[in-house]
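Its first residue numbered 1, the sequence shown is counted upward by one per residue in UniProt numbering. For every residue, glycine included, the Cβ atom is placed at its ideal position computed from N, Cα and C. Values in this document were obtained by computation on a predicted structure and should not be read as measured data.
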Amino acid sequence: MIFRKITATDEDFILTRTKYKLIYDEFRQFAELLTEQAGNAIKPSGKSSSYARYLIRFVILYEEIYKETIEELASFNALKKFEKLSSLQDFKEYNQRENRFPSATIACFRAYVTSKQMREEENNDTELNSILNSTSSIKSNMNENNIGLISEPKLKSEKKKTQNGFSYPRNPVESIAAKEKSNYKCEMDNSHVTFISAKNQMPYMEAHHLIPMAAQDYYENTIDFADNIVTLCPNCHRKIHHASLQEKAVMIDYLYQKHEKLYESHGIKINKKTLMNYYGILL
């Protein structure tokens with residue numbers, strides 16, 4: 001049996017949990033927070049602890065099956081390894097036998113590794129929108145230099161050093177193209193009115209990467225292209241970042257339906273469930 005039974009009292013479980021204790025505890029706390037935000041637990045439940053235990057089991061099983069050590073657990077690289085496990089023929093039976101906790105753990109882990117990148121990337125998104133709405137020179141330079149937009153798969157750029165760490169660069173030209181495509185109207189509701197920017201004489205709108213840049217580590221190709229950038233009014237932009245999970249889910253579902261057919265030409269595989277996970281929503 002590939003997916004053997006591993007109990008929390010097994011020696012290899014205890015050793016692996018000890019090795020990754022900091023991440024084990026952090027992931028458990030993150031899972032508890034998501035459960036509370038989703039309204040599925042008025043008081044602390046055992047679900048988060050179960051997710052954390054299955055995470056340790058995934059590490060053990062992956063290293064047993066593939067004879068390969070997971071060097072960095074809190075990473076998209078580790079997520080890919082666990083997804084590789086879930087693609088094995090015996091996983092479906094294992095998942096059913098374990099009351100679907102294995103698949104739920106992968107979804108929660110996807111949300112977890114995205115959240116670890118989110119703060120730095122959100123800071124860079126704020127800076128990008130500040131630049132976009134404070135100058136008109138980007139568009140003129142774009143026209144003068146005949147700068148083309150990304151319309152096919154393109155390898156992602158290297159991360160760059162920032163004030164607080166490392167982050168993927170954004171191309172403001174792609175964000176401007178997304179705004180122009182939407183006619184500078186909020187994609188959630190084109191009746192949402194803001195104000196006219198004094199710098200570019202256009203309605204003040206903000207750019208938002210639907211597949212968050214916090215998930216760029218997962219993809220070999222860039223996700224910084226106009227087809228992945230939605231135009232939102234400032235209120236909707238804050239809502240998609242800070243609203244309840246239920247309200248976020250409604251927004252993401254709507255925006256995903258508008259953009260889902262655009263990703264294939266960029267070499268990006270995405271489905272609604274994965275996208276929801278990036279925002280901390282577990283379906």
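In the DSSP annotation of this structure, the continuous segment of the alpha helix (DSSP H) that includes A177 starts and ends at P172 to K181. Per DSSP, the continuous alpha helix (DSSP H) segment holding H259 begins and ends at L245 to H259. Taking C-alpha positions only, N123 is separated from R28 by approximately 26 Å. Going by DSSP, T16 is part of the alpha helix (DSSP H) stretching over E11 to K19. In this structure the stretch 101–111 does not lie against the stretch 244–253, because fewer than three pairs of beta carbons, one per stretch, are closer than 8 Å. Annotated three-state conformation of F225 is coil, per DSSP.
In the three-state reduction of the DSSP assignment, T231 falls in the strand class. Under the three-pair Cβ rule at 8 Å, the stretch 181–200 counts as touching the stretch 226–244. Here DSSP, grouped into helix, strand and coil, assigns K161 to strand. Short of 6 Å from the beta carbon of R170, and not among the five residues preceding or following it, lie these beta carbons of its own chain, in chain order: L128 and D224. A residue is called buried once 16 or more other Cβ atoms fall within 10 Å of its Cβ, and V59 is buried on that count. Of the residues assessed, T9 falls on the exposed side of the cut-off, its CB having fewer than 16 other CB atoms within 10 angstroms. Under DSSP, P203 shares a beta bridge with I196. With a beta-carbon spacing of about 6 Å, I252 and L275 fall inside the 8 Å limit used to define contacts.
Taking the Cβ atoms as the reference, N221 lies roughly 19 Å from P172, outside the contact range of under 8 Å.
Boundaries of the alpha helix (DSSP H) around N123: F101 to L132. Minimum Cα-Cα distance from L55 among the listed residues E32, S87 and R17 corresponds to R17. In the displayed model, F58 falls within a helix according to three-state DSSP.
Here the alpha carbons of S167 and K161 stand approximately 7 Å from one another. The three-state reading of DSSP puts S75 in coil, since its state is none of H, G, I, E or B.
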